[in-house]
Amino acid sequence: MQTESKENLKIKPIIVDSEMVFDQSLKKLLSESYVAVDLESAGLKRFSQVISLIQIGTNFEQYLLDPLNISLKPLKLLFENSSIEKIFFDGIQDIQMIKRDLNCSVSSIFDVSFAYNAINPSESTTGLKEVLNQFFDINLSKKLQKTDWEKRPLTDDMVMYASLDVAYLIPLRHELAKQLKEKQLFEDVTSFCNSFELVRPINPLVSERFLFLNILKKDEFDELEQILIKRIHDYRVNVAKRRDKPFYFIFGNDQLVKIVKEKPKTMKELEMLKIKSIKNIKIKEKIISIITNTTNDYSSTSNIYNLEVKKFIDIRMEIGRRNSDLLDENLELDLEVNIEQMKKQRKTIRKWRKDKAEELMKKESYFIPNFVMRELSFLDYSKRKTIPLMPGINEDFIKNFGEELVNLIINSD
């Protein structure tokens, strides 16, 4: 279905890179009823994904706001204004970054991705490119998705790419809202989307720490080597954070594996490995110290592997790679139950979700999103009469299903 041709929607980007233009733009944005929001981030050359550009679209204009040249903190007035609807496409991560980088909340949210899934429960996950092509005959190029968004000035291609990501979200929202109302789903979807106000800011330090597990998949390592990989990777992450660089800029995984396999305990032994990317003498000394101390620890502490490596493997299996916001910087999982109990509860919740979604003719991941499944699995239901309000779980869901689900979990033990 195509509701409008691409000629009917004009691209009119406004570069906002000065305080004067920002003040004028914010004043206009605060007079709108709907704004479309998208972000571009710098993750390829920085320690964590940092907002490099905020695109905010209205019915007629696309504002490209440059956080590298001006402070965007006053956008708090926009994002916290509940009378202005903020329209995203699959926007949970964007909301997390806005909360972290702008230190504000985000209210009145409409996510067109979830709206589309509610209308089309039988379809597999569909991206913005496919949806825009379906509704507006727009072929959205994604060739600049991994470009350097800290590059200034923005090229014409970058401006067009960034503008297109928000130019069509408002008319798309209105078309989907019309279909939702026809199917009597509008209230459910808006309530569901507004629950995303509760998402936690992204914690990049935690997610980076888990990446040592990817190395373990690529080769055979004994317990001592796995502990060494974990400890040296942790050190590498800390250095990367201080320098605001990706951890692989410090030294790569291949170099890390080579070090762990050879286990050099003197500077001469490390130099013989000829690892050109490690030039800093302090980094070399620290690596040698980690190897020496870890070898001693392993011989004297019987459960060091379980404490330092296996728990990460267990947690990764349970929470999934993208749910690091469930952890704090000390890697303490926000659990109310142990891992085994969590597995049992997740199995019960998964079956209930499948059966209930079929009964209601809804998509499983729309009825209860996958990231919510994991959060629900962590709770101690012996202390609860219903489930708590959380991202993806709204008050209507709790009213209709909360007590039923809790009773099922308790009685399945």
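Following this note's numbering, the numbering of the sequence shown begins with 93 at its first residue and continues without gaps. Beta carbons: idealized from backbone N, C-alpha and C, even for Gly. Quick caveat: nothing in here was measured; it's all calculated off a predicted structure.
Under the three-state reduction of DSSP, which class applies to Glu215: helix, strand or coil? coil
Where does Gln185 fall in DSSP's three states? helix
Supposed contact pair Ile162 and Asp109 - C-beta distance, whole angstroms, cut 8 Å: 6 Å
Can you say whether Asp257 is buried or exposed, counting buried as having 16 or more other CB atoms within 10 angstroms of its CB? buried
Exposure label - Lys374; buried when at least 16 CB within 10 Å: exposed
Alpha helix (DSSP H) runs wholly inside the stretch 371-402, at least 4 long, in chain order: 373-392
If you follow the alpha helix (DSSP H) that Ile201 is in, where does it begin and where does it stop? That residue, Ile201, is in no alpha helix (DSSP H); its beta strand (DSSP E) goes Ile201 to Asp203.
Confirm, please, whether the CB-CB distance from Thr393 to Leu357 is below 9 Å. It should be noted that the sequence gives Lys, not Leu, for residue 357. No; because the gap between Cβ atoms is not below 9 Å, this pair is not in contact.
Where does Glu153 sit, in a helix, a strand or coil, going by DSSP? coil
Find out if the Cβ-Cβ distance for the pair Ile187, Phe343 is shorter than 9 Å. no
Answer yes or no: do Ile179 and Leu261 have a C-beta to C-beta separation smaller than 9 Å? yes
According to DSSP, is Lys443 part of a helix, a strand, or is it coil? helix
Spatial distance of Ile319 from Phe139 (CA atoms): 23 Å
Selected residue, minimal CA-CA separation from Phe304, among Leu167, Gln271, Pro293 and Asn345: Asn345
Cβ distance (whole Å) where Val223 is taken to contact Leu264 below 8 Å: 7 Å
Whole angstroms is fine: what's the gap from Phe404's alpha carbon to Phe302's? 7 Å
How many angstroms separate the CA atom of Leu399 from the CA atom of Gly219? 40 Å
Could you please give the first and the last residue of the uninterrupted beta strand (DSSP E) stretch that includes Asp115? Element bounds for Asp115: not the beta strand (DSSP E) but the alpha helix (DSSP H), Glu111 to Leu121.
Could you spell out where the beta strand (DSSP E) holding Ile179 opens and where it closes? Glu177 to Phe180
Between the alpha carbons of Leu157 and Val142, how many angstroms are there, rounded? 14 Å
CA-CA distance, Ser97 and Gln154? Residue placement at Ser97 cannot be trusted, given a pLDDT of 45 that sits under 50; what the coordinates show is reported in the next sentence. Using only the alpha carbons, I get a separation of about 18 Å.
Between Met465 and the rest of its own chain, which residues show a CB-CB distance below 8 Å, the 5 nearest in sequence each way excluded? Arg438, Ile441, Arg442 and Arg445
Taking just the CA atoms, how far does Phe114 sit from Lys453? Strictly speaking, residue 453 in this sequence is Met, with Lys absent from that position. Cα-Cα distance, rounded: 46 Å.
Just verifying my parser: in three-state terms, what is the DSSP assignment at Ile146? strand
Give me the Cα-Cα distance between Leu272 and Glu450, rounded to the nearest whole angstrom. 19 Å
Opening and closing residue of the beta strand (DSSP E) in which Leu131 lies: Tyr126 to Ala134
Is Pro263 helix, strand or coil by DSSP? helix
Val329 - containing alpha helix (DSSP H), residue span: Glu315 to Arg335
Which residue's Cα is closest to the Cα of Leu316: Lys355, Glu279 and Asn286? Lys355
Would you give the residue range spanned by the alpha helix (DSSP H) that Ile107 belongs to? Looking at the DSSP string, Ile107 is not in any alpha helix (DSSP H); the run it does join, the beta strand (DSSP E), is Pro105 to Val108.
Look at the Cβ atom of Leu82, then the Cβ atom of Ile190, and state whether they are nearer than 9 Å. Look at the range of the chain in this structure, 93 to 505, and you will see that residue 82 is not part of it.
Mark Phe339 as exposed unless 16 or more other C-beta atoms lie within 10 angstroms of its C-beta, in which case mark it buried. buried
Contact under 9 Å by Cβ, Cys196 with Lys235: no
Could you tell me if the beta carbon of Tyr208 falls within a distance shorter than 8 Å of some heavy atom in the ligand HEM? Among the ligands in the structure shown, none appear at all, so the ligand HEM cannot be discussed.
Range of the contiguous alpha helix (DSSP H) that encloses Ser457: Glu456 to Phe459
Same chain only: Cβ atoms within 7 Å of Val498, ignoring 5 sequence neighbours per side: Tyr473, Arg476, Lys477, Thr478 and Ile479
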